[in-house]
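Take the sequence shown: its position 319, counting from 1, is numbered 319 in UniProt numbering, and each next residue is one higher. One structure is given below, encoded as structure tokens.
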Amino acid sequence: MIHSPRAGDGTLRSSAKQRPNQEGSGCPTVNPSPDNSAHQSESKSRKRSAPLDNWLPDGWRVEDKVRTSGAKAGSVDKYYYEPVTGRRFRSRTEVLYYLEHGTSKKGSKKADFNPDHLEGQGRNKSSRKAKEQPPRPLNFDFENAPEKLSWSMANSGDEAWSPFLGEDKVQDSVRRDWCAAFTVVTTKNPSIGELENDEPNKCKETFPLTTTHHFSWIIATHKRLEDIHHTFSSSLCSHFLQNTRNMKLFLLISFSALMSLEAFGNSHESDKQALFKFKSQVSEEKQVLLSSWNNSFPLCKWTGVTCGRKRKKVTGLDLGGFQLGGVISPFIGNLSFLISLDFSDNSFRGTIPQELGNLFRLQYLNMSLNILGGEIPASLFNCSRLLDLSLYSNHLGQALPSELGSLRKLINLDLGTNNLKGNLPVSLGNLTSIREIYFDENNLEGEVPVVIGRLTQLLIFVLHSNHFSGMFPPAIYNLSSLTFLDMFDNGFSGNLRPDFGNLLPNLREWSIGNNSFTGTIPSTLANISTLQFLGMEYNSLTGSIPLSFAKIRYLQTLALNDNSLGSFSAGDLEFLVALTNCTQLQSLDVSFNRLGGDLPASIVNLSMSLNKLALVENSISGSIPHDIGNLIHLQVLVLSENLLKGPIPVSFGKLSGLVVLSVHTNRMSGDIPHSLGNITRLEKLYLYNNSFEGNIPPNLGKCSYLLYLHIENNKLTGIIPQEIMQIPTLVSLRMSNNSLTGSLPEDVGRLGHLGKLYFAHNKLSGKLPETLGKCLSLEKLCLQGNSFDGIIPDISGLVGIKEVDFSSNNLSGRIPEYLTNFSLLEYLNLSFNNFKGNVPTDGKFQNATIVSVFGNQNLCGGILELRLQPCFMQPAENSRKKLVIGLQFLFVESPANRLGMSEVVKELISIKERFFKDKRGARTLALPPLTQAFITSLGEE
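Here you go:
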């Protein structure tokens, strides 16, 4: 499975999220088109991305076009595009005239209208010097605009109105400058100055006949009007003012709205109170992280708070990664100017407040990595300006709301790792600006709806680990811009289209692993020249692995394991030769297939970047090439369960970065090379089930990171190297079924992390080391089939032990009572030794399916299922004979001799003390229960 590129993958994700540091504009913003420069050739007509000269209003675009024919072929024409309507102008003169008058210049060629240019591409600075004279700058100070303006008639017969500042009439040239400034403002903010059935962004200089009025000038307050553009139109010079009644209405609305904005805009007290309420709901121990949130600090300097430049209202709240707890206060919905909200990577519980739906300016919302539950509130979809919505890794449940489709400006949607269920809503087809969708690790089901094919700007589509079903979704074939498609671990089935590679030519990473796809691998995949990751593992694919993969030169990962590829024939591995052309290949896994034939020697020519080569459980024959050490960056080499022969190449010693080496279950032979000791980073060495012979190399002890050393089922001889017992990281040491001699080294006690110790069926002898009891992590101890003697050492500290097998040795003594305390014990085999005495009946010894003591002639007692002789039926020892004689004498003595009974009692008590306890008071003599009870009663007399 591939990892979703939601974190830091700059090659697949769109540009990083930018949080604005000023109030949101009331105008609808135009989203830039996705950057597909990685997949498109540069055309002769190139849209420029550097800023324009500052004489142009924001949003205007300049485009250079190279003439391809005619007398002036090769020359460059410059075009200027107005951002709202897409009008095209051929010169700066036309642009300036349009900005001043709102129409194209008379006598000039009509400006072109191009609807394809409605979306602005950013501002560019021209790359060549202008030939024309620089334009006259706008003679208007936006920061210090007059607050009040009077309009009066020059005389009663004139229909024109004249503006006055106080008693002074505004000159016509100044009035034209103001009108030009208004045009700039309304061009930049098209929602201002636009009325139904009226040509937008025109400033008329003639006003209707009416009485004098005073009002706050609209240009000076254009930013506030942006925020209430939906309440009234702010066109200063539209025909809305063509009669007295409309003029009065316009002034009344303007005055009321501006007064409200004045009172509201100059105060951020409501924001402060909302944040205080939010802080009060944060878990008390974490409130110290928000210590700056108090009246002693300016609001805009509070931790995580960003304010706008003008009103100082809160526009951004970034508390991501603070590890805060508690619940999210509904008062967060009072931050009416909020554009960006980041609560990611905290521990907020509860539900997402419905009041978030009040934040109509919100563009970025990230509540990922919390423990929020409930459903996604329907009110959230009122935030129609949202560009980025991330609720990844929470406990959100229920179905995806159909209202999700109302977020038409959405670019990134991440709802992965939740408990969402049901089908994908059809309304997803409305998200035509979307570029990234993550639905991974939920309980979604059903088929992928056909409307997904409308999302033509989609770059990343992640569905892995759900319950989707059906054929490969046909709608996806329409998403030619896709670069990342992850469908791993679902219930998709059927064949893939043969022309797949022609339909999705921009894929970089594609995973369909762990589904039920059948059929052959499309050879057209080789046409996806950008492909870097191809995961088709855990399916039912058949046929051969295409040789055309050699054409995918940027391929880095190829995972085809766990299919039915190949036919156990000699030509199955030809693809390995072809893959030598993929010079960036890093990981190749074709394990668990039906591949046959000899391992080609050319594998040593695979990419020098190769770090994983896995060919497990096929029918590959031949031998490992001697120059395998050329693949110097190999970290994982797994050739297990094949038909390989020959020795382990000495050149393995060159692979200093190798972490896993597995050649188990083959037909390999020869000595284990000493050069393996040079692989100092080795963690797993699996050589079992072969025919290796000779001694175990002592310098394997240099592999100081070794975790697993499995060399059982070979023909190894000699002693166990002391150096092996000095590898402190070992967790599993298995050397069973060889011909090893000598004793178990005392240093075994140094293996504090050892969980499994297997030395069964060798020729080991001597006493078991007392240090064995120091392997406190031991869970499985298998020493059967050797010649160990003596008693079982004190291993009472191995309380986590699950399996113990001491069978078929020469061990003796009594069975330790502490074995009854091993509560996790699942298997104990003490058979065929020389143990003696009473078998415990407590703990795990009550279960005959766990404990085996067969073949010990001197054991007695135990539970009935063990079928041992009762201890009192065993042959009596001399001491017991004396006791029985004394008892017989006691019972046949006549009443006349009862005066001597006190002496008899003293003698019996003495016998009791000598034979029921040793000198340390730790060992007792086994006697029939009745006899023991009788003697005890005598002592009490």
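Even glycine gets a Cβ: it sits at the ideal position worked out from N, Cα and C. Every value quoted in this text rests on a predicted model; they were computed, and no experiment measured them.
Of the listed residues the options, nearest to residue i (C-alpha basis)
i, options, result
"L637", "P600, F472, K684, Q532", "K684"
"L286", "V305, F322, F297, G316", "Residue 286 is actually Lys in this sequence, not Leu. The shortest Cα separation from K286 among V305, F322, F297, G316 belongs to F322."
"N394", "L525, S732, D414, S619", "D414"
"T456", "D440, N430, N442", "N430"
"G357", "S732, F381, S812", "F381"
"residue 950", "G316, S379, E375", "Residue 950 is absent from the structure shown; the chain starts at 1 and stops at 941."
"H753", "L733, S743, A760", "L733"
"E851", "S481, N858, T841", "At residue 851 the sequence reads Val, which differs from the Glu that was named. Cα-wise, what sits closest to V851 is T841."
"residue 944", "K702, M735, L706", "Because residue 944 is not part of the residues shown, which for the chain are 1 to 941, the question remains open."
"E403", "L387, Y392, L428, K409", "L428"
"V748", "Q398, L768, S669, N838", "L768"
"residue 986", "N527, E445, V731, S691", "Only positions 1 to 941 of the chain appear in the structure, and residue 986 is not among them; the question remains open."
"L424", "R92, V663, L573, V450", "V450"
"T771", "I792, N786, E746", "E746"
"T557", "Y758, Q532, S831", "Q532"
"K756", "Q722, P793, D805", "D805"
"residue 945", "G862, L700, H467", "Nothing in the structure corresponds to residue 945, since the chain is present only between 1 and 941."
"D671", "Y686, P697, A378", "P697"
Assigned exposure category for residue i - 16 Cβ within 10 Å defines buried
i, result
"D562", "buried"
"S280", "exposed"
"A274", "buried"
"I620", "buried"
"G494", "exposed"
"G596", "buried"
"A570", "exposed"
"N642", "buried"
"S390", "buried"
"R309", "exposed"
"L864", "exposed"
"M608", "exposed"
"S807", "buried"
"Q363", "buried"
"G629", "buried"
"P57", "buried"
"K313", "buried"
"G790", "exposed"
"E284", "exposed"
"E82", "buried"
"R311", "buried"
Presumed contact (8 angstroms Cβ cut-off) between residue i and residue j, rounded CB distance
i, j, result
"S640", "T665", "6 angstroms"
"H798", "L778", "According to the sequence as given, residue 798 is Leu; it is not His. The pair is a contact, with the Cβ atoms about 5 angstroms apart (cut-off 8 angstroms)."
"E447", "S465", "Rounded, the Cβ-Cβ distance is 17 angstroms, inconsistent with contact."
"Y79", "R88", "5 angstroms"
"F331", "F278", "6 angstroms"
"N714", "N738", "6 angstroms"
"R435", "I460", "7 angstroms"
"N809", "S787", "6 angstroms"
"L482", "L507", "6 angstroms"
"S656", "R681", "7 angstroms"
"C775", "S736", "Not a contact, Cβ separation roughly 17 angstroms."
"K409", "S384", "7 angstroms"
"T520", "S540", "About 11 angstroms separates the two Cβ atoms, so there is no contact after all."
"N618", "N593", "6 angstroms"
"Q869", "C860", "5 angstroms"
"L764", "L751", "Actually they are not in contact, since the Cβ atoms of L764 and L751 sit about 17 angstroms apart, beyond 8 angstroms."
"G646", "S623", "3 angstroms"
"E537", "L560", "6 angstroms"
Cutoff 8 angstroms: residue i Cβ touching any chain C Cβ
i, result
"V851", "The structure shown has no chain C; it contains just one protein chain."
*Would you list, in sequence order, the uninterrupted beta strand (DSSP E) runs of no fewer than 3 residues that lie entirely inside the stretch 789 to 823?*
As for any beta strand (DSSP E) of minimum length 3 sitting wholly inside the stretch 789 to 823, the runs are 803 to 805, 810 to 813, ordered along the chain.
*asked:* At 3 residues or longer, what runs of the beta strand (DSSP E) sit wholly inside the stretch 553 to 591?
replied: If we require 3 residues or more, the beta strand (DSSP E) runs fully inside the stretch 553 to 591 come out as 557 to 559, 587 to 589.
*Whole beta strand (DSSP E) elements within the stretch 392 to 427, 3-residue minimum*: Correct list: 412 to 414.
*Counting Cβ pairs, one atom from each stretch, are 3 or more of them under 8 angstroms apart for the stretch 511 to 531 and the stretch 545 to 555?*
Segments in contact, yes.
*Taking only runs that begin and end inside the stretch 312 to 379, name each unbroken beta strand (DSSP E) of 3 or more residues, in chain order.*
Look at the stretch 312 to 379 and you find these whole runs of beta strand (DSSP E), each 3 residues long or longer: 314 to 318, 325 to 327, 340 to 342, 347 to 349, 364 to 366.
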